[in-house]
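Asker: Numbering-wise (numbering that gives the first Met the number 0), the sequence shown opens with residue 0 and increments by one.
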Amino acid sequence: MAPGLPYFGPISMADSRYASPMRRKQVEALLASNPALQAKKETDNVLAIREQIAAGSAAVPFQSTGVQLAQAQGQALEQEIAQHRLVIDQTILNMITDAIKQDRPDTADASLKVVANLQQELQKLVEATRRAQGALPYFLERQKENSSLLASTKIQEAHRDIQQELALKDKKILLGQELHLEQQQAYKDVEANANNRTTELQERLTRIHMEHGLLKTELEGTNAQLKKAQATENDAVKAREELEEKLSMLKESKDSLSAKNANIRGTIKDLENKLQAAEKKATEHYEKELRSLTDQLQKEHQKATSLEANLKMLRQADETSRREVEKAKAESKLLSEKYNDQSREYAKVADDFKEQMKKANRLDGEVRDLRQQKSEIEKERNRVTFLKDSLQKQHAALKAEHGESPQATIFSYFLPLTDLDDLKQKDALVKEEAQQLSAKLKRAENENDHLETKNNNLLAKQLENDSAAAALKKADTEIATLRATVESLRSKPTAANDSADAVALRKELEQLSGKYTKSESDLVEWEELGRRAMLRYREIASKYQQLEGVETQLKQVLAQNEQVQAQNKQVLAQNEQLKVKATSGSNSDAKYWRDKYNELLKAVEG
Numbered sequence: 000m001a002p003g004l005p006y007f008g009p010i011s012m013a014d015s016r017y018a019s020p021m022r023r024k025q026v027e028a029l030l031a032s033n034p035a036l037q038a039k040k041e042t043d044n045v046l047a048i049r050e051q052i053a054a055g056s057a058a059v060p061f062q063s064t065g066v067q068l069a070q071a072q073g074q075a076l077e078q079e080i081a082q083h084r085l086v087i088d089q090t091i092l093n094m095i096t097d098a099i100k101q102d103r104p105d106t107a108d109a110s111l112k113v114v115a116n117l118q119q120e121l122q123k124l125v126e127a128t129r130r131a132q133g134a135l136p137y138f139l140e141r142q143k144e145n146s147s148l149l150a151s152t153k154i155q156e157a158h159r160d161i162q163q164e165l166a167l168k169d170k171k172i173l174l175g176q177e178l179h180l181e182q183q184q185a186y187k188d189v190e191a192n193a194n195n196r197t198t199e200l201q202e203r204l205t206r207i208h209m210e211h212g213l214l215k216t217e218l219e220g221t222n223a224q225l226k227k228a229q230a231t232e233n234d235a236v237k238a239r240e241e242l243e244e245k246l247s248m249l250k251e252s253k254d255s256l257s258a259k260n261a262n263i264r265g266t267i268k269d270l271e272n273k274l275q276a277a278e279k280k281a282t283e284h285y286e287k288e289l290r291s292l293t294d295q296l297q298k299e300h301q302k303a304t305s306l307e308a309n310l311k312m313l314r315q316a317d318e319t320s321r322r323e324v325e326k327a328k329a330e331s332k333l334l335s336e337k338y339n340d341q342s343r344e345y346a347k348v349a350d351d352f353k354e355q356m357k358k359a360n361r362l363d364g365e366v367r368d369l370r371q372q373k374s375e376i377e378k379e380r381n382r383v384t385f386l387k388d389s390l391q392k393q394h395a396a397l398k399a400e401h402g403e404s405p406q407a408t409i410f411s412y413f414l415p416l417t418d419l420d421d422l423k424q425k426d427a428l429v430k431e432e433a434q435q436l437s438a439k440l441k442r443a444e445n446e447n448d449h450l451e452t453k454n455n456n457l458l459a460k461q462l463e464n465d466s467a468a469a470a471l472k473k474a475d476t477e478i479a480t481l482r483a484t485v486e487s488l489r490s491k492p493t494a495a496n497d498s499a500d501a502v503a504l505r506k507e508l509e510q511l512s513g514k515y516t517k518s519e520s521d522l523v524e525w526e527e528l529g530r531r532a533m534l535r536y537r538e539i540a541s542k543y544q545q546l547e548g549v550e551t552q553l554k555q556v557l558a559q560n561e562q563v564q565a566q567n568k569q570v571l572a573q574n575e576q577l578k579v580k581a582t583s584g585s586n587s588d589a590k591y592w593r594d595k596y597n598e599l600l601k602a603v604e605g
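1) Where does the unbroken alpha helix (DSSP H) through Ala128 begin, and where does it stop?
2) By the 10 Å Cβ neighbour count, where 16 or more other Cβ atoms means buried, how is Leu135 classified, buried or exposed?
3) Count the CB pairs spanning the stretch 125-135 and the stretch 145-153 that are closer than 8 Å, and state whether there are at least three.
4) How long is the line joining the alpha carbons of Ala57 and Leu30, rounded to whole angstroms?
5) Hey, how far is the Cα of Leu414 from the Cα of Lys392?
6) Put Thr104 into one of helix, strand or coil per three-state DSSP.
7) Quick check: the stretch 109-118 against the stretch 89-98, are at least 3 beta-carbon pairs closer than 8 Å?
8) Just to confirm my understanding: we take Arg103, look at its own chain, exclude 5 residues before and 5 after, and list those with CB closer than 8 Å. What are they?
9) Among Ala81, Ala157, Leu242 and Asp188, which residue has its Cα nearest to the Cα of Arg129?
10) Could you check which residue in Asp105, Glu377, Leu167 and Glu199 has the C-alpha nearest to that of Asp594?
11) Cβ atoms of Trp592 and Arg159: under 8 Å apart, would you say?
12) Whole angstroms are fine: how far does the CA of Thr221 sit from the CA of Lys215?
13) In chain order, which beta strand (DSSP E) runs of at least 3 residues are fully inside the stretch 198-274?
14) Using C-beta distances below 6 Å, list every residue in its chain close to Ala28, excluding the 5 sequence neighbours before and after it, in chain order.
15) For Ala69 and Gln78, I'd like the C-alpha separation in whole angstroms.
16) So, at 7 Å on beta carbons, what are the nonlocal neighbours of Thr96 in its own chain, with the 5 sequence-adjacent residues on each side left out?
17) Quick one: residues in its chain with C-beta nearer than 8 Å to the C-beta of Ser583, no 5 flanking neighbours on either side, listed in chain order?
18) Nearest by alpha-carbon distance to Ser520: which of Asp368, Gln184 and Ser257 is it?
19) Would you mind working out which of Asp108, Ile87, Asn597 and Leu274 sits nearest Gln122, comparing C-alpha positions?
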């Protein structure tokens, strides 16, 4: 490279056949713009004399093209960084001056001087940091020299230690060679005494043949056991597949049952909300009627002074109503006792089921009788109100005809006022007892519904697990009918029969909740069945693993048998060699080989 010229990259590489067309075009443009480079390229192929080569090597050290390219790129990068730094510093300074001129035009000169001073100090600080960065490689080089010195000393110490260990190894090798010579002498002595050893080996060989036959018989037995184990393994695999299929079916049925149960829960919530709304509406209607009745009753109490003629009839009606109430109380008590007896007798489901059905039918008849009695009481109450109205009309007519004087005759003719108060109290007691009777009737109906749900549950427990789907379908149809009844209740106006509809709706809702609990119990039974199937599958899997362990043990026995056969072959080969080299022997060698043989047998058996 000619001194004074900048480096333009590896120009000579453009002549390579692997150079890109873009690089060739760049080199051609560079040579056309710089004739000195063209002259240099032309003189690159000229052979130099020895003095020129010495002068060139003394002036400029040889560097490869890669090193030159790296140096040139580093210099160019440093120049670009310096230019960018100057541009950034200048732009920052310009922005600061512009900001000072815009914000504080009065004190701009002083501020600019301060900024210039700060810029100079900052440049000094940057130069100091650059000098520190330049001194950093020197310190790193010093540290590198120290570390190399330390490493060289450590290497020398390790070299000395290795030399000492090698000397010790040489001593050990010499000792080993001496031992080897002694062992060779002992081996020659053993070969000299091999005559007696051959007889021992022949006896041992016969014993080995006999034991080999025994091992063959044991191997055949283990093979038969292995076949049986494989057959049982195949059966276990089939059973496992069947159980897996059953488990998948159980999971599918469980998912379907859970989905249907969720739907039933939603419908039950809707029905409960509708039932609450119907009850609220019915209570509001009955409260209105009760208010109107109380108003009418107060009016009738005010007019009760003119009702002495019909007092005997009211007393008779009161006595009959009391008798009916007492009869209803006795019947309700009898019903409660019967229900308690039935709840105790439900433990004996198989024997008393038919009798319980008869009792339930009889209870239905009694409930119907109670409803009839309630209707008769309502009729009697209506009759009493009609009589009161008629007497009121008669009193008004008498008052219009005679003025105030007939009232005194009527009062003298009627009973005293205390009897009228008693009549009022009796009428109130009749109404209260009628309400209590209606409440007891509702409780009896609820208990009857509860008994019916218990009967349904007991019947459902006698069926098989596959009846769950049919029960769910039936529940769906009943939900549809309940929805239809709710829609009909919505369409009908609220009247006195709302209570009966609400009771029927509550009854159907309780039946549906009982069936829902039944479906949940069926789901629990299915889950229990799946759990038992999983336990059975785990037992079969454990048996399969045990069979695999037996198979591995058989493989180990076969491998040991092969080892014994290989050892027998080695013993036979040694016997042949000893027959060739047989000379003489001693009893100590026979004992040594007998012990070896016994150890070998123990290793095989263990």
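For every residue, glycine included, the Cβ atom is placed at its ideal position computed from N, Cα and C.
In this text the structure is predicted, and so the values were computed from the model without any measurement.
Answerer: So, from the data block:
1) The identity of residue 128 in the sequence shown is Thr, whereas the question assumes Ala. Thr128 -> alpha helix (DSSP H) spans Ala107 to Ala191.
2) Leu135 counts as exposed, since fewer than 16 other C-beta atoms from the protein chains shown sit within 10 angstroms of its C-beta.
3) Judged by Cβ distances under 8 Å, the stretch 125-135 makes no contact with the stretch 145-153, as fewer than three pairs qualify.
4) Bear in mind that the predicted position of Ala57 carries a pLDDT of just 46, short of 50, making it too unreliable to give a figure here.
5) Low per-residue confidence applies at Leu414: pLDDT is 40, beneath 50, and the placement is therefore not dependable, though the value from the model is reported in the following sentence. Using only the alpha carbons, I get a separation of about 20 Å.
6) In the sequence as displayed, the identity of residue 104 is Pro instead of Thr. Shown here, Pro104 sits in coil according to DSSP, grouped into three states, outside any helix or strand.
7) Contact between the stretch 89-98 and the stretch 109-118 is present, because at least three Cβ pairs lie under 8 Å.
8) These residues qualify, in order along the chain: Ser110.
9) Out of Ala81, Ala157, Leu242 and Asp188, the CA that lies nearest to the CA of Arg129 is found in Ala81.
10) Nearest of Asp105, Glu377, Leu167 and Glu199 to Asp594, Cα basis: Glu199.
11) With a cutoff of 8 Å on beta-carbon distance, Arg159 and Trp592 are scored as not near each other.
12) Distance between the alpha carbons of Lys215 and Thr221 is about 10 Å.
13) Complete beta strand (DSSP E) runs here, min 3: none at all.
14) Scanning its chain for C-beta atoms nearer than 6 Å, with the 5 sequence neighbours on each side dropped, one finds no residue around Ala28.
15) Looking at the backbone, the Cα of Ala69 and that of Gln78 are separated by about 14 Å.
16) Hits under 7 Å: Leu111 and Val114.
17) Residue confidence for Ser583 is low, a pLDDT of 45 falling below 50, so the modelled location carries little weight; the figure read from the coordinates is stated next. Here Ser583 has Ala191, Asn192, Ala193, Asn194 and Asn195 as same chain residues with Cβ atoms under 8 Å from its own Cβ, once five neighbours each way along the sequence are excluded.
18) Of Asp368, Gln184 and Ser257, the residue nearest in Cα terms is Ser257.
19) Selected option, being the one with the closest Cα: Ile87.
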